[in-house]
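All residue numbers for the sequence shown refer to the working numbering, where the first residue is 839 and numbers rise by one.
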Amino acid sequence: MTLLLEQTFTLSTLSQMAQTFYAIAQPYTVWALSGQLGAGKTTFTSAVCSLLGVEDAVSSPTFSIINHYEYTDATGITKQLFHSDWYRLADEEEAINAGVEDMLHTGNNLCIVEWWERAPELLPPNTLFVALEVIDEETRKIKCMING
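Quick look at the structure:
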């Protein structure tokens with residue numbers, strides 16, 4: 839794995855971290871988030887969605903499996919953002935039945951996947967891996983990596 843970013847941040851600096859992250863993450867259409875329960879995966883996703891101009895309230899897709907949002911990119915094109923949570927999925931077959939494979943192959947749309955470890959073989963080769971680590975109650979460390 840090639841490390842692209844490693845940095846600590848707090849809730850008060852989350853929006854700045856989202857900007858720094860997005861500058862690196864923008865070329866990738868699939869982001870695979872990992873971190874323990876409570877690490878802030880959905881909170882971080884919400885900060886990125888806010889940066890992109892998503893108007894809907896961002897919520898955890900733990901029960902819906904996939905949440906769908908729209909945003910307008912810098913060129914004025916409306917794009918889709920799929921936020922999925924594979925925590926409740928048992929394996930690859932269940933993930934495919936839930937529609938996550940289709941979601942991952944939607945072209946230039948953005949897919950953010952929490953708990954990707956449930957079906958890692960479904961991720962495309964150019965996935966950006968994002969690890970969130972709890973340092974303390976307010977502080978997190980982010981690491982962004984790609985294969986290669």
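C-beta atoms are modelled at their ideal positions from N, C-alpha and C, and glycine is treated no differently.
As the structure is a computational prediction, the values presented were derived from the model and not from experiment.
Cβ contact annotation for Met839 (same chain, cutoff 6 Å, sequence separation greater than five): Met983, in chain order. By alpha-carbon distance to Glu931, the top candidate from Tyr909, Ile915, Pro958 and Leu852 is Pro958. In the three-state DSSP reduction, Glu959 falls in the helix class (H, G or I). The closest CA to that of Tyr866, considering only Trp924, Tyr907 and Leu842, is found on Leu842.
Looking at the DSSP output, Arg978 sits in a beta bridge with Phe847 and Val972. Minimum Cα-Cα distance from Ala856 among the listed residues Arg926, Gly876, Gly891 and Gln874 corresponds to Gly891. If only uninterrupted alpha helix (DSSP H) runs of at least 4 residues are considered, those enclosed by the stretch 867-908 are 879-890. It is roughly 14 Å from the alpha-carbon of Leu852 to the alpha-carbon of Ala861. Of all alpha-carbon atoms in Thr916, Asn947 and Thr900, the one lying nearest the alpha-carbon of Gly876 is that of Thr900.
The straight-line gap separating the alpha-carbon atoms of Ala936 and Gln874 is approximately 23 Å.
Leu927 and Ile915 have their C-alpha atoms roughly 33 Å apart. In the structure shown, the three-state DSSP call for Ile915 is coil. In the DSSP annotation of this structure, Leu948 is not part of any alpha helix (DSSP H); the continuous beta strand (DSSP E) holding it starts and ends at Leu948 to Glu952. A contact is defined here as three or more CB-CB pairs under 8 Å, and the stretch 902-921 meets this definition with respect to the stretch 942-958. Of the residues assessed, Ala863 falls on the buried side of the cut-off, its CB having 16 or more other CB atoms within 10 angstroms.
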